[in-house]
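Position 340, counted from 1, in the sequence shown is what numbering that gives the first Met the number 0 calls 339; the numbers after and before it change by one each time, with no gaps. Backbone N, C-alpha and C fix where the C-beta goes; we use that ideal spot for every residue, glycine too. On a predicted model such as this, the values are computed, not experimentally measured, just so you know. Report on the following structure.
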Amino acid sequence: MSASFFPTIGSVADDLPSDTRQVDDQDRPLQEIESLCMKCGEQGMTRMLLTSIPYFREVIVVSFRCEHCGNTNNEIQSAGEIRPEGAIYTARILTRDDLNRQLVRSASCTITIPEYELTLPANRGQLTTVEGLIRDVVADLSGDQPLRRIQDEPAYQKIQTLIDSLREILGDDEDEDEDHTPMPAFTIKLDDPTGNSFIEFFGSMADPKWNLRTYNRTRQQNIDLGFSIADEAQTTSLQTLAEDPDGEDPNAEIFVFPGVCSSCGFPLNTLMKKVVIPYFKDILIMSTNCDKCGYRDNEVKSGSAISERGKRITLKVEDREDLSRDILKSETSGFTIPEIDLVLNPGTLGGRFTTLEGILDQVYEELSEKVFVGDSSSIGAEEYNTFEAFLKGLKEIKNAERPFTLILDDPLANSYVQNLYAPDPDPNMVIETYERTWQQNEDLGLNDMKVEGYEEDHQKDRDSIPETK
Numbered sequence: 000m001s002a003s004f005f006p007t008i009g010s011v012a013d014d015l016p017s018d019t020r021q022v023d024d025q026d027r028p029l030q031e032i033e034s035l036c037m038k039c040g041e042q043g044m045t046r047m048l049l050t051s052i053p054y055f056r057e058v059i060v061v062s063f064r065c066e067h068c069g070n071t072n073n074e075i076q077s078a079g080e081i082r083p084e085g086a087i088y089t090a091r092i093l094t095r096d097d098l099n100r101q102l103v104r105s106a107s108c109t110i111t112i113p114e115y116e117l118t119l120p121a122n123r124g125q126l127t128t129v130e131g132l133i134r135d136v137v138a139d140l141s142g143d144q145p146l147r148r149i150q151d152e153p154a155y156q157k158i159q160t161l162i163d164s165l166r167e168i169l170g171d172d173e174d175e176d177e178d179h180t181p182m183p184a185f186t187i188k189l190d191d192p193t194g195n196s197f198i199e200f201f202g203s204m205a206d207p208k209w210n211l212r213t214y215n216r217t218r219q220q221n222i223d224l225g226f227s228i229a230d231e232a233q234t235t236s237l238q239t240l241a242e243d244p245d246g247e248d249p250n251a252e253i254f255v256f257p258g259v260c261s262s263c264g265f266p267l268n269t270l271m272k273k274v275v276i277p278y279f280k281d282i283l284i285m286s287t288n289c290d291k292c293g294y295r296d297n298e299v300k301s302g303s304a305i306s307e308r309g310k311r312i313t314l315k316v317e318d319r320e321d322l323s324r325d326i327l328k329s330e331t332s333g334f335t336i337p338e339i340d341l342v343l344n345p346g347t348l349g350g351r352f353t354t355l356e357g358i359l360d361q362v363y364e365e366l367s368e369k370v371f372v373g374d375s376s377s378i379g380a381e382e383y384n385t386f387e388a389f390l391k392g393l394k395e396i397k398n399a400e401r402p403f404t405l406i407l408d409d410p411l412a413n414s415y416v417q418n419l420y421a422p423d424p425d426p427n428m429v430i431e432t433y434e435r436t437w438q439q440n441e442d443l444g445l446n447d448m449k450v451e452g453y454e455e456d457h458q459k460d461r462d463s464i465p466e467t468k
């Protein structure tokens with residue numbers, strides 16, 4: 000679609016003459032259609048504007064107003080194609096200037112504010128700001144509060160607490176003559192399986208308080224969006240394969256271990272599956288998901304014997320294609336990017352099997368949440384600015400805006416980075432093996448591990464126990 004067909008909102012406003020009555024129907028930027036008002040039954044007016052949002056895409060803004068009863072309705076619809084991947088936008092709202100970030104919400108987008116345990120389910124499309132969204136939530140929740148106070152006092156108290164907290168963000172109750180209290184910091188996340196939602200960044204995509212992460216839609220999400228049909232026969236065959244893998248790929252079997260959620264104590268299942276990585280070794284992927292509190296945990300363990308030597312992998316990342324490399328970071332591996340002084344000690348993030356882009360996204364989200372939304376009162380202004388500059392550099396690395404070096408140092412050699420030239424050597428990757436130090440073996444518990452002749456030691460321990468009469 001041409002840019003002239005979808006002009007920006009600013010250009011539309013600039014082109015409007017002072018007297019809009021002189022505009023011909025063919026030149027009118029707004030399309031007006033008489034529509035039935037669902038509130039009073041009279042004829043209202045629907046106005047549609049084809050426009051484009053900078054750094055986003057083309058959209059259709061729809062506005063309805065009934066002059067008879069005053070009923071209004073506004074929504075936004077995407078005019079572009081559905082993205083092949085879903086998208087999660089995350090923005091850290093630290094000051095009231097951040098409340099002015101423009102926000103596009105599609106009909107399939109779910110919005111969450113974790114600090115207030117607030118989730119807005121998918122609803123109609125909306126073009127607003129973060130402040131406008133908060134005001135809409137306050138207005139919607141406040142509407143039925145008098146009735147709740149009579150019918151359900153506990154629910155009224157909980158909702159009123161949330162309303163009061165959101166009003167602190169807006170700051171409407173503050174006296175202009177008094178010192179303003181700092182706005183509570185919070186995080187807003189937009190999760191849209193169609194990828195047609197958006198939240199504005201400041202300056203560029205290197206904005207340290209803004210992040211975009213894409214993901215592959217699940218089969219159920221494709222069914223909900225109408226892209227595929229639930230196939231009962233296919234589901235049955237997959238279930239049969241998992242229950243009876245004889246004669247099939249033995250790695251297709253999924254093991255289920257019942258347990259309880261470490262967060263809320265609700266019963267849940269932990270799923271485990273064996274995965275074979277080409278040109279590497281077998282690994283075990285374990286996944287835990289609590290349907291009650293939403294707790295999730297994914298871990299990767301080695302499915303092979305302990306290696307005799309450690310391994311150090313050095314990768315030169317030059318473009319976005321390198322970000323798509325599969326990467327297995329074991330829980331014993333260190334993770335270093337010298338260009339931005341990023342050093343993650345072994346054990347940080349646990350074991351992860353993802354892409355290089357995926358693990359950088361996770362590092363950014365973990366660090367930004369601790370600094371921007373966590374308790375930063377003890378951090379001085381200089382340290383805060385330094386860390387903000389560090390996160391900006393991490394964003395540039397994550398978006399492959401400049402080359403960098405990735406170093407994985409794993410004393411157990413259980414980490415892996417995909418070789419794009421396999422089975423030939425990768426010119427951008429160097430793999431070194433080395434002898435573990437005594438201290439490394441001690442930290443891993445290998446110095447006290449005995450796999451041969453342990454029967455004799457066990458018998459000596461038993462003989463040393465005095466007999467009781």
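Going by C-alpha distance, which of L355, A380, E387 is nearest E368?
The residue with the shortest Cα to Cα distance from E368 is E387.
Can you say whether P257 is buried or exposed, counting buried as having 16 or more other CB atoms within 10 angstroms of its CB?
When all chains shown are included, P257 counts as exposed.
Spatial neighbours of M448 within its chain, please: CB distance less than 6 Å, with the 5 preceding and 5 following residues excluded, ordered by chain position.
The answer is none, since no qualifying residue turns up.
Starting from R147 and walking both ways along the alpha helix (DSSP H), at which residues does that stretch end?
Looking at the DSSP string, the run of the alpha helix (DSSP H) that includes R147 is 144-150.
On the CB-based measure, 16 or more other CB atoms within 10 Å of its CB, does P83 come out buried or exposed?
It counts as exposed.
Check the Cβ-Cβ distances between S227 and every residue of chain D, and say whether any is below 8 Å.
This model lacks chain D altogether, as it is built from one protein chain only.
Please classify D176 as buried or exposed, where buried requires at least 16 neighbouring CB atoms within 10 angstroms.
In this prediction, D176 scores a pLDDT of 43, lower than 50, which makes its location untrustworthy; the coordinate-derived value is nonetheless stated afterwards. Flag for D176 reads exposed.
What whole-angstrom Cβ distance do T118 and L98 have, given they're in contact under 8 Å?
The pair is not a contact, with the Cβ atoms about 20 Å apart (cut-off 8 Å).
Compare the C-alpha of D330 against each of P345, D135, E80 and name the closest.
For the record, residue 330 in the displayed sequence is Glu; it is not Asp. Of the candidates P345, D135, E80, the one whose C-alpha sits nearest the C-alpha of E330 is P345.
By how many angstroms is the C-alpha of A86 removed from the C-alpha of K280?
Those two C-alpha atoms are separated by around 32 Å.
Would you mind sorting L35 into buried or exposed? The rule is 16 or more other CB atoms within 10 Å of its CB.
Exposed, because fewer than 16 other Cβ atoms sit within 10 Å of the Cβ of L35.
Use the C-beta contact count for T385: other C-beta atoms within 10 angstroms, 16 or more gives buried, fewer gives exposed.
Per the 10 Å Cβ criterion, exposed.
Going by beta-carbon coordinates alone, are I276 and I284 separated by less than 8 Å?
No, Cβ-Cβ distance for I276 and I284 is not below 8 Å.
Check the C-beta distance from F326 over to Q417 and give it rounded, since I have them as a contact under 8 Å.
Checking the sequence shown, residue 326 turns out to be Ile, not Phe. About 7 Å; that satisfies the 8 Å criterion.
Just to confirm, are P402 and E317 a CB contact at a threshold of 8 Å?
Yes, the pair counts as a contact, with Cβ atoms nearer than the cut-off.
From the DSSP secondary-structure annotation, give me the bridge partner or partners of I59.
The partner list for I59 (beta bridge, DSSP) reads L49, Q76.
Between which two residues does the alpha helix (DSSP H) containing S367 stretch?
That run of the alpha helix (DSSP H) goes 355-367.
How big is the Cα-Cα spacing for R95 and D223?
So the alpha carbons of these two residues sit roughly 36 Å apart.
Roughly how many whole angstroms lie between the Cα atoms of G555 and I149?
Look at the range of the chain in this structure, 0 to 468, and you will see that residue 555 is not part of it.
Rounded to the nearest angstrom, what separates S301 and K394 at their Cα positions?
The straight-line gap from Cα to Cα measures roughly 30 Å.
R123 and E199: beta carbons closer than 8 Å?
Not a contact, by the Cβ cut-off of 8 Å.
I'd like to know whether the C-beta atoms of I168 and A90 end up nearer to each other than 8 Å.
Their beta carbons are not under 8 Å apart, which means I168 does not touch A90 by this criterion.
So what does DSSP say about D409, is it helix, strand or coil?
D409 falls in the strand class under three-state DSSP.
In terms of residue numbering, what span does the beta strand (DSSP E) encompassing F226 cover?
It is not in any beta strand (DSSP E) - F226 carries neither H nor E in the DSSP assignment.
Provide the residue(s) that pair with E431 in DSSP beta bridges, ordered along the chain.
DSSP output for E431 lists R311 as bridge partner(s).
Check whether the Cβ of T269 sits closer than 7 Å to any heavy atom of the ligand HEM, and report yes or no.
The ligand HEM is not part of the structure shown, which contains no ligands of any sort.
Would W437 be called buried (16 or more neighbouring beta carbons within 10 Å of its own) or exposed?
Exposed, since its Cβ has fewer than 16 Cβ neighbours within 10 Å.
Please list, in chain order, all residues of the same chain as N70 whose beta carbon is under 6 Å from its beta carbon, the five residues on each side excluded.
Same-chain partners within the cutoff: C36, K38.
Are the region 207-215 and the region 353-368 touching, with three or more C-beta to C-beta distances below 8 Å?
With the cut-off at 8 Å, the region 207-215 and the region 353-368 touch.
I need the boundaries of the alpha helix (DSSP H) containing G392, first residue and last residue.
Taken as a continuous stretch (DSSP letters only), the alpha helix (DSSP H) holding G392 covers 380-397.
Please report how far the alpha carbon of C260 lies from the alpha carbon of S332, in whole angstroms.
For C260 and S332, the distance between alpha carbons rounds to 27 Å.
For S51, count neighbouring Cβ atoms within 10 angstroms of its own Cβ and tell me buried if that reaches 16, exposed if not.
Under this definition S51 is a buried residue.
Helix or strand or just coil, what does DSSP make of N99?
Three-state DSSP puts N99 in a helix.
Check M448 in the structure and name its three-state DSSP category.
In this structure, M448 counts as coil in the three-state DSSP scheme.
Between Q42, M47, I305, which lies nearest to L29 when the distance is taken from Cα to Cα?
Out of Q42, M47, I305, M47 has the C-alpha closest to the C-alpha of L29.
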